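Undergrad: Next up is a structure, given as structure tokens.
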Amino acid sequence: MQRDIESASMYLNIFLFVTLVNSLISRFAVVNFPLSPSTGVSSMYFAVAFMIVFALWYGMWGALAAYLGCIVGAGILADMPTSLNIIWSIADLWQVMIPLVAFTYFKVNISLKTRRDFVYLLIFGVFLNNLIGAFWESYMLAINGVVPDEEIFLIFEQWFTGNVVATIVIVPFLLRYVTHTSSKQNPMSKGTGNKKYELIFILG
Numbered sequence: 005m006q007r008d009i010e011s012a013s014m015y016l017n018i019f020l021f022v023t024l025v026n027s028l029i030s031r032f033a034v035v036n037f038p039l040s041p042s043t044g045v046s047s048m049y050f051a052v053a054f055m056i057v058f059a060l061w062y063g064m065w066g067a068l069a070a071y072l073g074c075i076v077g078a079g080i081l082a083d084m085p086t087s088l089n090i091i092w093s094i095a096d097l098w099q100v101m102i103p104l105v106a107f108t109y110f111k112v113n114i115s116l117k118t119r120r121d122f123v124y125l126l127i128f129g130v131f132l133n134n135l136i137g138a139f140w141e142s143y144m145l146a147i148n149g150v151v152p153d154e155e156i157f158l159i160f161e162q163w164f165t166g167n168v169v170a171t172i173v174i175v176p177f178l179l180r181y182v183t184h185t186s187s188k189q190n191p192m193s194k195g196t197g198n199k200k201y202e203l204i205f206i207l208g
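Mind the numbering: the sequence shown is residues 5 to 208 in this note's numbering, read in order.
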């Protein structure tokens with residue numbers, strides 16, 4: 005019983021830490037690479053790359069951390085209205101859930117051991133997810149009157165392009181060289197249907 009409590013506490017701490025990291029890098033991206041005239045939007049939103057990796061490592065907990073990280077870092081700290089922030093931030097949820105579901109369904113090795121694994125990453129973790137996320141984000145801003153209709157394509161284009169560049173550079177590297185497959189299931193991924201992986205942090 006005591007061991008279960010300690011395990012739950014440890015994974016709760018990991019979840020909170022990942023959420024904090026997502027919030028900070030989201031804030032850094034929107035402050036240093038702003039996409040005018042919309043608030044909370046970055047032309048180089050590299051935070052999404054780390055969110056995708058965390059979701060693949062930690063399953064639904066990682067996906068939830070991505071959503072909350074966007075709400076805080078790109079929404080609340082950017083003074084975005086709460087009603088818009090909750091809906092708009094679903095863009096980040098799309099961008100991590102699509103590769104998570106695809107990797108689970110197609111049994112893709114998140115360590116990217118084969119060319120097949122890398123192809124599935126490109127399709128679902130670089131292009132399709134960012135395409136849907138960029139559309140959702142730009143459309144939500146437009147229908148809520150944050151940006152004029154004529155700005156939709158510009159925001160969509162820059163959001164999509166920046167995200168693709170960030171994910172294709174960062175995600176494969178982290179998955180290939182930082183992830184370690186294991187026969188033990190990660191408790192944070194339990195219930196997601198994800199394959200059995202755990203993350204090993206190599207320090208020093």
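Note that the Cβ used here is the ideal one computed from N, Cα and C, for glycine as well.
For clarity, every value in this text was computed on a predicted model and none was experimentally measured.
(1) Around the C-beta of residue 118, are 16 or more other C-beta atoms found within 10 angstroms, so that it is buried, or is it exposed?
(2) List the residues that DSSP assigns as beta-bridge partners of residue 165.
(3) Taking only runs of the alpha helix (DSSP H) that begin and end inside the segment 17 to 72, which ones reach a length of at least 4 residues, in chain order?
(4) Looking at the strands, I want to know which residues DSSP matches up with residue 171.
(5) The beta strand (DSSP E) that contains residue 183, what's its start and end?
(6) On the criterion of 16 or more Cβ atoms from any shown chain inside 10 Å, does residue 87 qualify as buried, or is it exposed?
(7) Measuring CB to CB, does residue 70 end up less than 8 Å from residue 174?
(8) Is the segment 71 to 81 touching the segment 118 to 127, taking contact as three or more C-beta pairs under 8 Å?
(9) From residue 140 to residue 58, what distance separates their C-alpha atoms?
(10) From what residue to what residue does the alpha helix (DSSP H) around residue 141 run?
(11) Just to confirm, are residue 46 and residue 33 a CB contact at a threshold of 8 Å?
(12) Mind checking residue 177: buried by the 16 CB within 10 Å criterion, or exposed?
(13) Can you tell me where the alpha helix (DSSP H) with residue 123 in it begins and where it stops?
(14) Which term fits residue 110, buried or exposed, when burial requires 16 or more other beta carbons within 10 angstroms of its beta carbon?
(15) Assuming residue 144 and residue 92 make a contact with CB atoms under 8 Å, what is their CB distance in whole Å?
TA: Quick look at the numbers:
(1) Residue 118 sits at position 114 when you count from the first residue of the sequence shown. Burial call: exposed.
(2) Stepping through the sequence shown from its first residue, residue 165 is reached at position 161. Answer is none; residue 165 lacks a bridge partner.
(3) 51 to 62
(4) Along the sequence shown, read from residue 1 onward, the residue named residue 171 stands at position 167. Partner(s): none; residue 171 has no beta bridge.
(5) Counting from one through the sequence shown, the residue named residue 183 turns up at place 179. First-last of the beta strand (DSSP E) with residue 183: 183 to 185.
(6) Here residue 87 refers to the residue found at position 83 of the sequence shown. It is exposed - the Cβ of residue 87 has fewer than 16 other Cβ atoms within 10 Å.
(7) Residue 70 sits at position 66 when you count from the first residue of the sequence shown. Residue 174 sits at position 170 when you count from the first residue of the sequence shown. Cβ distance not < 8 Å, so residue 70 and residue 174 don't count as in contact.
(8) no
(9) Counting from 1 along the sequence shown, the entry for residue 140 is found at position 136. Counting from 1 along the sequence shown, the entry for residue 58 is found at position 54. The straight-line gap from Cα to Cα measures roughly 21 Å.
(10) Residue mapping note: residue 141 aligns to position 137 of the sequence shown, counting from 1. Counting along the chain, the alpha helix (DSSP H) containing residue 141 begins and ends at 132 to 147.
(11) By 1-based counting over the sequence shown, the position of residue 46 is 42. By 1-based counting over the sequence shown, the position of residue 33 is 29. Against a cut-off of 8 Å, the Cβ pair of residue 33 and residue 46 comes out as a contact.
(12) Taking the sequence shown and counting its residues from 1, one reaches residue 177 at position 173. It is exposed - the Cβ of residue 177 has fewer than 16 other Cβ atoms within 10 Å.
(13) The sequence position of residue 123 within the sequence shown is 119, counting from 1. Residues 119 to 124.
(14) Position 106 of the sequence shown, counted from the start, is the residue given in the question as residue 110. Exposed is the call here.
(15) The count along the sequence shown starts at 1 and reaches residue 144 at position 140. The count along the sequence shown starts at 1 and reaches residue 92 at position 88. Going by Cβ atoms, the distance from residue 144 to residue 92 rounds to 5 Å, so yes, they are a contact pair.
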